[in-house]
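S.K.: Residue numbers (my numbering): 38 to 311.
All C-beta atoms, glycine included, are put in the ideal place defined by N, C-alpha and C.
Every value quoted in this text rests on a predicted model; they were computed, and no experiment measured them.
First, the structure itself, so that you have it in front of you.
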């Protein structure tokens, strides 16, 4: 097979995985085209779409067609609120860069340890276990905690703590050689950031802003966009995971602004830095 065909197959695998894992066929296809291949030609587009559709259809056959999150019908309360969402997006871009740099800082530190490679995940596991004793919410994908924030059921102080501890826990896990991805942690971090920001702006401007859960939803997309530099993917994956179109304008704005801010601060994404 040619090198070009092999690259397309890598993209097909990535599209199928995202599509099946998050029940997001459009986002899966765009992730492969936007991040993995950077090519939107028909010869590339067709097999990517086919892979995403087949993977999603097979998963739906096995486990059903359920969205990852059921959220209230959030919408823009005022046109002025777009400026607040832009502010959240700028903050998300900065946090995204901090997450990327922290992740690779821990990976570099673990690489520098002059011990057996088999012991490094053990050290990481012990550290994560200690964190999990006190904050079990950071373990796993964290969908339950994300749902609580989007439904305005979480304490503000807990949200702030989880924001920073999730960055730390994910960085230790992956840096020490543990297995995992960055999509779900980015969603978690974005939800906590957006929830924190939402509590603040809603307390200051209750008549002009939606509840904090709306900002948590937008924050999720903004941090995914900031870490991956893939605004289209981030926008669509949140739309597909929530099945909520009413918040699309803030999602579109936030993903683009977050990506621009993140690129301005640091050129590399979480996928290209390595």
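1) Counting only runs of 4+ residues fully inside the stretch 157-215, write out the alpha helix (DSSP H) ranges in chain order.
2) Would you decide whether residue 236 is buried or exposed? Buried here means 16 or more other CB atoms lie within 10 Å of its CB.
3) Distance, Cα to Cα, residue 181 vs residue 311?
4) Among 59, 73, 130, which has the Cα closest to the Cα of residue 102?
5) Is DSSP giving residue 245 helix, strand or coil here?
6) Nearest to residue 218 by CA position, among 154, 173, 308, is which residue?
7) Only counting the same chain, and skipping five residues up and downstream in sequence, which positions put a Cβ closer than 7 Å to that of residue 123?
8) Which first and last residues belong to the alpha helix (DSSP H) in which residue 311 is found?
9) Can you list, in chain order, the residues of its chain with a C-beta nearer than 8 Å to that of residue 118? Leave out the 5 residues immediately preceding and following it.
10) What does the alpha-carbon distance come out to for the pair residue 226 and residue 41?
11) According to the neighbour-count rule (16 or more other Cβ atoms, all chains shown, within 10 Å of its Cβ), is residue 342 buried or exposed?
12) Just reading off the alpha helix (DSSP H) that residue 135 is part of, what are its end residues?
13) When the Cβ atoms of the stretch 267-276 are set against those of the stretch 129-146, are three or more pairs found closer than 8 Å?
14) Please work out which residues of its chain come closer than 8 Å, Cβ to Cβ, to residue 120, disregarding the five sequence neighbours upstream and downstream, and give them in chain order.
15) Distance check for residue 115 and residue 222, CA to CA, integer angstroms please.
16) Helix, strand or coil for residue 38, going by three-state DSSP, please let me know.
17) Should residue 110 be labelled buried (16 or more other beta-carbon atoms within 10 Å of its own) or exposed?
18) For residue 161, count neighbouring C-beta atoms within 10 Å of its own C-beta (all shown protein chains included) and say buried if the count is 16 or more, exposed if not.
19) By how many angstroms is the C-alpha of residue 104 removed from the C-alpha of residue 112?
20) Label residue 61 either buried or exposed according to how many other C-beta atoms from any shown protein chain fall within 10 Å of its C-beta, with 16 as the threshold for buried.
21) Could you tell me the boundaries of the alpha helix (DSSP H) in which residue 73 lies?
M.R.: Taking the geometry as given:
1) 180-187, 193-212
2) buried
3) 31 Å
4) 59
5) coil
6) 308
7) 290, 294
8) No alpha helix (DSSP H) holds residue 311; DSSP gives it neither H nor E.
9) 245, 246, 247, 287
10) 35 Å
11) In the structure as shown, the chain begins at 38 and stops at 311. Residue 342 is therefore absent and cannot be evaluated.
12) 118-149
13) no
14) none
15) 30 Å
16) coil
17) exposed
18) buried
19) 19 Å
20) buried
21) First-last for residue 73: undefined, no H or E at that position.
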